[in-house]
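Down below is the structure, laid out as structure tokens.
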Amino acid sequence: MVEITTGQTLNLFDFLDGADQAGVWNDDTPSGQLSGSIVTLDGLPAGIYNFTYDVDAIGTCDDPNMPTVIITINDTPAPTAAAAQSFCDAATVANLSASGNSIQWYEEVTGGTVLAGTTTLVDGETYYATQTDATTGCESAARVEVTVTINQSPDAGAPAVTSITVCNNTTVDLNTGLDGSQDLTGTWMDDDGTGAVTGSAFDTNAIAPGTYSFTYLVTAVAPCLDDSTTITITVEEPQNAGTSNGDLSFCSTDATYNLFDNITGADMGGAWTFNSNTVSNSFDPSQENGSGTYTYTMANACGTNSVSFNINVTPAANAGTLNAEDATFCVAEIATNQTIDLFDYLDGESQTGIWNDDSMSGQLSRKYINHR
1 MVEITTGQTL NLFDFLDGAD QAGVWNDDTP SGQLSGSIVT LDGLPAGIYN
51 FTYDVDAIGT CDDPNMPTVI ITINDTPAPT AAAAQSFCDA ATVANLSASG
101 NSIQWYEEVT GGTVLAGTTT LVDGETYYAT QTDATTGCES AARVEVTVTI
151 NQSPDAGAPA VTSITVCNNT TVDLNTGLDG SQDLTGTWMD DDGTGAVTGS
201 AFDTNAIAPG TYSFTYLVTA VAPCLDDSTT ITITVEEPQN AGTSNGDLSF
251 CSTDATYNLF DNITGADMGG AWTFNSNTVS NSFDPSQENG SGTYTYTMAN
301 ACGTNSVSFN INVTPAANAG TLNAEDATFC VAEIATNQTI DLFDYLDGES
351 QTGIWNDDSM SGQLSRKYIN HR
């Protein structure tokens, strides 16, 4: 089996041995391609062609053998394939699809070089495929044509932040929730059915406080797949720190007090501060930071609201505790005008009290006893 090339011919005498070349070749089939002993092959369709050689008799001598040369031309049909084939982002010749035996791909409709399977396909280019008959070994003269389209995967971007928090009196551009790398052909989906999304605008007015999800969807052209990115938006409403019931006064020995009991209509979740330091709502009058201004603050996306009131803590009276036994002296040891300070015998006392001369010694002067 040989492949027929352009202008290829055969000399029929090449198939005979010892022939007298004075004879005539007959185009038995007929092929229409015989000239003398030369047959032009590339003009013949597939088929079987017979050519008989006839030599005239010499006198009464004739050759009873009239040899016939049989030429068989085989052709393999072109493979079948979808005329348009699409791929996503990138593809190679190995990704092309055609049905047939021993498929080979070319960039030319005829001739050319077989493309390697690793050859990168070009968007909009046309490629041509042949098949080879497993029995005859003939590659199809005709080639099937395939035009390639390379589509690009869509990009829905990524969240710019994990969440967005807004007050329920504003309109949010959902696109601000993306990082800016997204394709501009996408559509916003109202995942939670708020009914407040128009295009990329989310109108939070009349929306109940809560967290809502929205998905940006970019539709792909097959065989690429759709891409989407979901963001969340938390909607808050204005908070109320309440109204103060007035300033408070405590004795340092009073029980613990809940500061929320001194404000009316407050929302929970705020923070208590005293002199800019965060404190608990449980107020203990015995603590050193008792007196001063206490503030309850509510802060969110809608702003800051606070209420303050003063607390005054009066220390409880405290006579202290004895730190020693009673003072005992010998008369002979007492110096003239010697005194003692009675506070030296107490611990933790408040020195705003009054000493009483229980025995009526007549020697008590405020806190001193005079030994004469």
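Everything in the sequence shown is counted per full-length UniProt numbering, starting at 1 for the first residue and increasing by one.
C-beta atoms are modelled at their ideal positions from N, C-alpha and C, and glycine is treated no differently.
For the beta strand (DSSP E) assignment, the uninterrupted runs of no fewer than 3 residues enclosed by the stretch 238-305 are, from N- to C-terminal side, 248-251, 271-274, 277-279 and 292-300. Here Pro-159 is bridged, per DSSP, to Leu-178. Residues of the same chain with a CB within less than 6 angstroms of the CB of Thr-293, apart from the 5 flanking positions on each side, are Ser-308 and Asn-310 in chain order. In this structure, DSSP gives Val-93 a helical state, which the three-state scheme calls helix.
For Asp-14, the secondary structure class from DSSP, reduced to helix, strand or coil, is helix. Residues of the same chain with a CB within less than 7 angstroms of the CB of Ser-200, apart from the 5 flanking positions on each side, are Asp-173, Leu-174, Asn-175 and Trp-188 in chain order.
Taking one beta carbon from each stretch, the stretch 152-161 and the stretch 96-103 have fewer than 3 pairs nearer than 8 angstroms; the two do not touch. Around the C-beta of Ala-129, 16 or more other C-beta atoms lie within 10 Å, and the residue is accordingly described as buried. Put simply, the backbone Cα of Val-93 is about 6 angstroms away from that of Thr-120. Within the same chain, Cβ atoms closer than 7 angstroms to the Cβ of Pro-209 are found at Asn-168, Val-235, Glu-236 and Glu-237, the five residues on either side in sequence being excluded.
Put simply, the stretch 294-302 touches the stretch 237-249. At least three CB pairs are less than 8 angstroms apart. For Trp-188, the pairing in a beta bridge is given by DSSP as Tyr-216.
Under DSSP, Asn-312 takes part in a beta bridge, and its partners are Ser-249. When the beta-carbon positions are compared, Thr-264 and Asn-245 come within less than 8 angstroms of each other. For Ser-37, the secondary structure class from DSSP, reduced to helix, strand or coil, is coil.
The three-state secondary structure of Ser-140, taken from DSSP, is coil. In the three-state DSSP reduction, Ser-86 falls in the strand class (E or B). Across the structure, Val-109 and Tyr-127 are spaced so that their CA atoms are roughly 8 angstroms apart.
Shortest Cα-Cα distance from Leu-10 to any of Thr-29, Gly-124, Val-24 and Gln-33 involves Gln-33.
In the same chain as Ala-46, and ignoring 5 residues on each side of it, the C-beta atoms closer than 7 angstroms to its own belong to Ile-73, Asn-74 and Asp-75, in chain order.
Closest by C-alpha distance to Gly-18, out of Met-66, Ala-255 and Asp-183, is Met-66. Of all alpha-carbon atoms in Tyr-106, Asp-123, Asp-56 and Glu-125, the one lying nearest the alpha-carbon of Ala-116 is that of Tyr-106. At the C-beta level, Gly-7 and Val-55 stay beyond 8 angstroms of one another. The Cβ atoms of Phe-250 and Ile-233 lie no closer than 8 angstroms to each other.
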